[in-house]
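The letter at position 130 of the sequence shown is residue 194 when you use my numbering, and the numbering goes up by one with no holes. We put the CB at the ideal spot given by N, CA and C, even for glycine. One structure below.
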Amino acid sequence: MAGHSKWANIQHRKGRQDAKRGKVFTKLIKEITVAARMGGGDPNFNPRLRLAVDKAKGENMPAENIDRAIKRGTGELEGVSYEEARYEGYGIGGAAVMVDCLTDNKTRTVADVRHAFSKHGGNLGTDGCVAFQFTHCGQIVFAPGTDEDALMEAALEAGAEDVVANEDGSLEVITAPYECSRIGETLEAAGFKAEFSEVTMRPQNETTLAGEDAVKMQKLLDALESLDDVQEVYTSAAFED
């Protein structure tokens, strides 16, 4: 896309996530607990739980922490009961923002999310106002210089839904949400080393921001991500180099 580098934006986002590792275990424990409550405690028969456990292992979470979170979810251990909540709105320049939360108090959470939006120049919208602009999928990102034809052949053979070539040379393999880990492992075994992999809400179109608008938008995203009840923040905003 003209005006910004997809690769630079992905690296920037990953870097900011890496800098916030202190909250990762807390978020993962919440997700494992809710996934186990909703779909049972066996990852082999609960794709959402399997994804959460895989992610926790990737972050080197101790096995006992994972087991305790599963048992809280299935009711074998006492624990806080979390509810899912999704809030949608608009940031700087009309960029779409979607905020996924796990909370034990929706009244508190929506007040915190609304405050973050209003303080940093955004607007909290109604349910569904921007969700249609995103696709729930797995995203596996490869650095510029990766052999596009070879990756496409291997990815499609592994069951990927699409391979997207960006103007900066980076490549994205798009998968069904719960196929992301399997396809990533298949591609790695075939010799393709991904730089970044996640299950995400991928924007269908992006809003490019620069200068002061980009700074304001980043402050809004940081404010939302810092909230204790927030699990993930998705946006259509992209930042110029």
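Taking a contact to mean a Cβ-Cβ separation below 9 Å, would you say Phe-89 touches Glu-123 in this structure? Residue numbering aside, residue 89 sits at position 25 when the sequence shown is read from its first letter. Residue numbering aside, residue 123 sits at position 59 when the sequence shown is read from its first letter. Yes, Cβ-Cβ distance for Phe-89 and Glu-123 is below 9 Å.
Going along the chain, which unbroken runs of the beta strand (DSSP E) with 3 or more residues stay wholly within the segment 225-267? 226-229, 235-239, 260-267
Integer-rounded CB distance, given that Ala-159 should sit under 8 Å from Leu-273: Sequence index remark: in the sequence shown, residue 273 carries index 209 (1-based). Sequence index remark: in the sequence shown, residue 159 carries index 95 (1-based). Right, the Cβ-Cβ distance comes to about 7 Å (below 8 Å), so this counts as a contact.
Three-way DSSP call (helix, strand, coil) for Gly-184 in this model: The sequence position of residue 184 within the sequence shown is 120, counting from 1. The identity of residue 184 in the sequence shown is His, whereas the question assumes Gly. In the structure shown, His-184 sits in coil (DSSP, three-state: anything other than H, G, I, E or B).
Nearest to Gln-197 by CA position, among Ser-69, Gln-268, Glu-304, is which residue? Here the question's residue 197 lines up with position 133 in the sequence shown. Of Ser-69, Gln-268, Glu-304, the residue nearest in Cα terms is Gln-268.
Taking the C-alpha atoms as reference points, what is the distance between Gly-255 and Asp-118? In the sequence shown, counting from the first residue as 1, residue 255 sits at position 191. In the sequence shown, counting from the first residue as 1, residue 118 sits at position 54. Their Cα atoms are separated by approximately 21 Å.
Considering only the alpha carbon of each residue, which of Gly-189, Ala-175, Glu-217, Glu-95 lies closest to Val-144? Here the question's residue 144 lines up with position 80 in the sequence shown. Nearest of Gly-189, Ala-175, Glu-217, Glu-95 to Val-144, Cα basis: Glu-95.
Would the segment 227-246 count as touching the segment 101-120 if we require 3 or more Cβ pairs under 8 Å? yes
Helix, strand or coil at Lys-275 according to DSSP, with G and I counted as helix: Mapped onto the sequence shown, residue 275 falls at position 211. Checking the sequence shown, residue 275 turns out to be Gly, not Lys. Three-state result, Gly-275: helix.
If you draw a straight line from the alpha carbon of Leu-220 to that of Asp-226, how long is it in whole angstroms? As a first step, residue 220 is located in the sequence shown; it is residue number 156 there, counting from the start. As a first step, residue 226 is located in the sequence shown; it is residue number 162 there, counting from the start. Approximately 7 Å between the Cα atoms of the pair.
Output yes or no for whether 9 Å exceeds the beta carbon distance between Arg-150 and Cys-201. Within the sequence shown, numbered from 1, the residue matching residue 150 stands at position 86. Within the sequence shown, numbered from 1, the residue matching residue 201 stands at position 137. Going by C-beta atoms, Arg-150 is not nearer than 9 Å to Cys-201.
Is it buried or exposed, Lys-257, if we count other Cβ atoms within 10 angstroms and call 16 or more buried? The residue labelled residue 257 in the question sits at position 193 within the sequence shown. The residue in question, Lys-257, is exposed, as its Cβ has fewer than 16 Cβ neighbours within 10 Å.
Less than 9 Å separating the beta-carbons of Glu-152 and Leu-188? Along the sequence shown, read from residue 1 onward, the residue named residue 152 stands at position 88. Along the sequence shown, read from residue 1 onward, the residue named residue 188 stands at position 124. Contact flag set, yes.
Is DSSP giving Ile-96 helix, strand or coil here? Translated into the one-based positions of the sequence shown, residue 96 becomes position 32. Ile-96 falls in the helix class under three-state DSSP.
Looking only at its chain, what residues have a beta carbon closer than 7 Å to the beta carbon of Tyr-146, apart from the 5 residues adjacent to it on each side? Start at 1 with the first residue of the sequence shown, and residue 146 comes out as number 82. Excluding positions up to five away in sequence, the list reads Lys-94, Thr-97, Val-98, Leu-166, Thr-167, Asp-168.
Reduced DSSP secondary structure (H/G/I, E/B, other) of Met-65: As a first step, residue 65 is located in the sequence shown; it is residue number 1 there, counting from the start. Per-residue confidence for Met-65 stands at a pLDDT of 35, beneath the threshold of 50, marking its modelled position as unreliable; the derived number appears in the next sentence. Here Met-65 sits in coil by DSSP.
Reducing DSSP to helix, strand and coil, say where Lys-87 ends up. For the purposes of this step, residue 87 is taken as residue 23 along the sequence shown, with counting starting at 1. Correct three-state label for Lys-87: helix.
From Thr-138 to Gly-103, what does the alpha carbon distance come to, in whole angstroms? Within the sequence shown, the letter at position 74 stands for residue 138. Within the sequence shown, the letter at position 39 stands for residue 103. Each residue's Cα considered, the two are about 9 Å apart.
Grouping DSSP H, G and I as helix and E and B as strand, with all else coil, what is Val-117? To locate residue 117, count along the sequence shown from 1; it is residue 53. It is helical.
Less than 9 Å between the beta carbons of Val-297 and Asp-164, yes or no? Taking the first residue of the sequence shown as position 1, residue 297 is located at position 233. Taking the first residue of the sequence shown as position 1, residue 164 is located at position 100. Yes, they are a contact pair.
Assuming Gln-295 contacts Lys-91 (C-beta within less than 8 Å), just tell me the rounded distance between them. The count along the sequence shown starts at 1 and reaches residue 295 at position 231. The count along the sequence shown starts at 1 and reaches residue 91 at position 27. Correct: roughly 5 Å between the Cβ atoms.
For Gly-155, collect the residues of the same chain with a Cβ closer than 7 Å to its Cβ; drop the 5 residues on either side in sequence, then sort them by chain order. On the sequence shown, position 91 is the one that residue 155 refers to. Answer for Gly-155: Val-161, Gly-186, Met-281, Leu-284, Thr-299, Ala-301, listed in chain order.
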